[in-house]
Amino acid sequence: MGFFDKLKKGLEKTKINLSFTKIDEALMEELEESLIMADCGIEVTEQIISELKDDIKKNKITDSDEVKADLKRILNEVFKENDSMLHIENKPAVILMVGVNGAGKTTSIGKIAYKLNSEGKKVVIAAGDTFRAAAVEQLEEWAKRANVQLIKGRENQDPSSVIFDACRTAKEENADVLICDTAGRLQNKKYLMDELQKMKKVIDRELPQSSKETILVLDASTGQNAVSQLESFKECTGITGLIITKLDGSAKGGVLIRLEKEFKIPIKYIGVGEQIDDMQEFNSEEFVNAIID
Ligand SMILES: Nc1nc2c(ncn2[C@@H]2O[C@H](COP(=O)(O)OP(=O)(O)OP(=O)(O)O)[C@@H](O)[C@H]2O)c(=O)[nH]1
Ligand SMILES: [Mg+2]
-16 MGFFDKLKKG
-6 LEKTKINLSF
4 TKIDEALMEE
14 LEESLIMADC
24 GIEVTEQIIS
34 ELKDDIKKNK
44 ITDSDEVKAD
54 LKRILNEVFK
64 ENDSMLHIEN
74 KPAVILMVGV
84 NGAGKTTSIG
94 KIAYKLNSEG
104 KKVVIAAGDT
114 FRAAAVEQLE
124 EWAKRANVQL
134 IKGRENQDPS
144 SVIFDACRTA
154 KEENADVLIC
164 DTAGRLQNKK
174 YLMDELQKMK
184 KVIDRELPQS
194 SKETILVLDA
204 STGQNAVSQL
214 ESFKECTGIT
224 GLIITKLDGS
234 AKGGVLIRLE
244 KEFKIPIKYI
254 GVGEQIDDMQ
264 EFNSEEFVNA
274 IID
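Here it is, written out as C-alpha cells:
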C-alpha cells in the first residue's frame, strides 16, 4: 500500500462524508456534527462552519464539489504555517521525546531512527526512561531493528546522567542525531516535568551549538485528552514540535485541526501503524484530502 492509501485507510473513521445534493441548513448541521465527532472541538468547528457559510453566500456556491473544495481550502489554511521539517542542521542534533505513558514515544523513536539512518545519517539513541527495565529492553529492540547505537544506563540510574553520557558519545562519534527517550509516568507530574527540565539543561550545557527539538508525542485516539496533555507539557518543557500517533484506525483525526488551530505548534510526523515504516512526515494537503471525500 502506498503512503497516501495507508493514510486514507487509517483515517477512514475520521472521514467527513460530503455526499449531498442540496446546500442547505441540514447539510451544515450534518457537517458540523461530523467535525465535532472527529474531535475538531466545538469552537474550531464553529469557526470552520461559519467561514464556509460566508463563502457559500459570498461566492454564491451552489455546487457540491465547490463546497467540498472550499472546505478543503479552509482546512488547508489552518495548516499553512505548519513547519513539518525536523530541525537537525547543527550536529549532533538532539531530539528529546516527551509525552504521557503509552503515547508512542519509544515506538516513534525506533521509526525515526530507522528513517534517518536510511537517509544516511548517523543516529544514536538514549534510553532516558530508566525507571522500568522493560522500557530499556523495548528501546534496545528498536535500536537493533533500526541498526543504530543505543546508550543506556543501569536501572533507576538518574536519567539525566544517561543523557549526559549519550551527549558525550554523540559528540565523540560525530553522530548526526541523538534521540532521547524519556519516561511517560513518574510518581507525579511535577516530578516528571522536573526530570525533563533537568535533561534539557544537561543537553544545553553539553551541546550548546547543536540543533534541538523537544517533540511531544500524542496519541490521536485520546482525542481531546491530547489537548490537555499539550497544555501541561508546553508550560513546562517548551515543545517545538508534535508527533501524532495511532492515526490508523482512529476516529479522532480531527484533533490535529484543533491542535494546529489553537496552538500553532508544528506537527512533524504522524504514526499510522506499529511497523518500523509506519511513520510519515506530516503533509497537511494529504491529510485534508484523506479526511474529506
Ligand atoms: N496502531 C498504532 N500503534 C502504535 C503507534 N505508535 C505506537 N503504537 C503502539 O502504542 C503502544 C505504546 O507505545 P510506546 O512506544 O511503548 O509508548 P511510550 O510513549 O513509549 O510509553 P511509555 O514508555 O509507557 O511512556 C505500543 O503497543 C505501540 O506499538 C501507531 O502509530 N499506531
Ligand atoms: Mg516508552
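Using my numbering, the first residue of the sequence shown is number -16, and each one after it goes up by one.
Where a beta carbon is used, it is the ideal one built from N, C-alpha and C, also for glycine.
Keep in mind the model is a prediction, meaning the values are calculated, not measured.
Which residues in the same chain as residue i place their Cβ atom closer than 7 Å to its Cβ, once the five residues preceding and following it in sequence are excluded?
| i | result |
| --- | --- |
| residue 86 | 167, 200, 201, 202, 228 |
| residue 243 | 61, 62, 65, 250 |
| residue 235 | -3, 21, 22, 203, 204, 206 |
| residue 237 | -3, 18, 21, 22, 23 |
| residue -14 | 263 |
| residue -9 | 273 |
| residue 208 | none |
Can you give the Cα-Cα distance for residue i and residue j, rounded to whole angstroms?
| i | j | result |
| --- | --- | --- |
| residue 241 | residue 10 | 22 Å |
| residue 255 | residue 142 | 29 Å |
| residue 135 | residue 1 | 51 Å |
| residue 282 | residue 219 | Past the boundaries of the shown model lies residue 282; the chain is included only from -16 to 276, so the question cannot be answered. |
| residue 160 | residue 274 | 33 Å |
| residue 54 | residue 31 | 8 Å |
| residue 181 | residue 130 | 29 Å |
| residue 252 | residue 239 | 11 Å |
| residue 91 | residue 171 | 24 Å |
| residue 80 | residue 50 | 39 Å |
| residue 52 | residue 4 | 15 Å |
| residue 222 | residue 174 | 18 Å |
| residue 147 | residue 184 | 10 Å |
| residue 102 | residue -16 | 21 Å |
| residue 156 | residue 29 | 52 Å |
| residue 13 | residue 276 | 15 Å |
| residue 137 | residue 179 | 18 Å |
| residue 33 | residue 8 | 12 Å |
| residue 40 | residue 25 | 22 Å |
| residue 16 | residue 69 | 34 Å |
| residue 217 | residue 115 | 25 Å |
Return yes when the Cβ of residue j is within less than 9 Å of the Cβ of residue i, no when it is not.
| i | j | result |
| --- | --- | --- |
| residue 57 | residue 78 | no |
| residue 27 | residue 18 | yes |
| residue 149 | residue 107 | yes |
| residue 67 | residue 266 | yes |
| residue 165 | residue 139 | no |
| residue 210 | residue 245 | yes |
| residue 215 | residue 71 | no |
| residue 186 | residue 213 | no |
| residue 196 | residue 151 | no |
| residue 192 | residue 42 | no |
| residue -6 | residue 144 | no |
| residue 44 | residue 6 | yes |
| residue 128 | residue 259 | yes |
| residue 268 | residue 100 | no |
For residue i, name the three-state secondary structure that DSSP assigns.
| i | result |
| --- | --- |
| residue 169 | coil |
| residue 274 | helix |
| residue 132 | strand |
| residue 182 | helix |
| residue 80 | strand |
| residue -3 | coil |
| residue 262 | strand |
| residue 269 | helix |
| residue 109 | strand |
| residue 253 | strand |
| residue 152 | helix |
| residue 224 | strand |
| residue 45 | coil |
| residue 35 | helix |
| residue 19 | helix |
| residue 138 | coil |
| residue 196 | strand |
| residue 58 | helix |
Take residue i and list the residues in its own chain whose beta-carbon comes closer than 6 Å to its own, dropping the five residues that flank it on each side.
| i | result |
| --- | --- |
| residue 125 | 93 |
| residue 98 | none |
| residue 84 | 167, 168 |
| residue 176 | 219 |
| residue 119 | 110, 135 |
| residue 158 | 75, 105, 107 |
| residue 224 | 196, 198, 249, 251 |
| residue 153 | 75, 107, 161 |
| residue 117 | none |
| residue 38 | 53 |
Once you ignore the five residues that flank residue i on each side, which residues in its own chain have a CB closer than 8 Å to its CB?
| i | result |
| --- | --- |
| residue 122 | 89, 92, 93, 108, 110, 112, 133, 135, 164 |
| residue 261 | -11, 94, 231, 254, 255 |
| residue 257 | 90 |
Can you tell me whether residue i sits near ligand 3, meaning its C-beta is under 8 Å from at least one heavy atom of the ligand?
| i | result |
| --- | --- |
| residue 91 | Questions concerning ligand 3 fall outside what the structure shown contains, since the ligands it does hold are ligand 1 and ligand 2. |
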